[in-house]
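Below: the structure, in structure tokens.
In our numbering, the protein residues as written are 2 to 144.
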């Protein structure tokens, strides 16, 4: 006769409970592993976020500083341009240096300084002087 093996209910339940406990352990182990990895990942992300916020604050401060520096330099440039214009305007009057050697010396005669219409301008100026003197005399008579 062949021996037929039959499972008793106690052994079947033991096997299923063993398998269930193994699955529970795996779930607990994997879930705790995920929890730990998520916690460490969250901590790392929080630290990175704080570092980025600090870096952005520093960059904003640097931007404000550079903008103020640009404004100050623009003001300096404007004042220097103004002073340069004033000095260029006064330079013919107060020239202490010799003329540039590359330039030929200029003729200082009145005709070359005033152009070809020297005599015509001179007559016109005399007329203006007479008018000014005439008005000046009129004002004195009325005052």
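By construction, the Cβ of each residue, glycine as well, lies at the ideal position given by its N, Cα and C atoms.
Item	Value
Residue environment, residue 26, which counts as buried when at least 16 other CB atoms sit within 10 Å	exposed
Residue 37 at chain C interface by Cβ criterion, 8 Å	Going by chain labels, chain C is absent from the structure shown, which holds only one protein chain.
Classification of residue 119 by the beta-carbon crowding that lies within 10 angstroms, buried from 16 upward	With a pLDDT of 46 at residue 119, under the threshold of 50, the modelled position of that residue is not reliable, and the figure given next carries that caveat. Flag for residue 119 reads exposed.
Pairwise C-alpha distance: residue 34 and residue 56	33 Å
Sequence-distant residues of the same chain with beta carbon closer than 6 Å to residue 24, five excluded per side	none
Euclidean distance between Cα positions of residue 53 and residue 62	14 Å
Distance, residue 78 Cα to residue 44 Cα	50 Å
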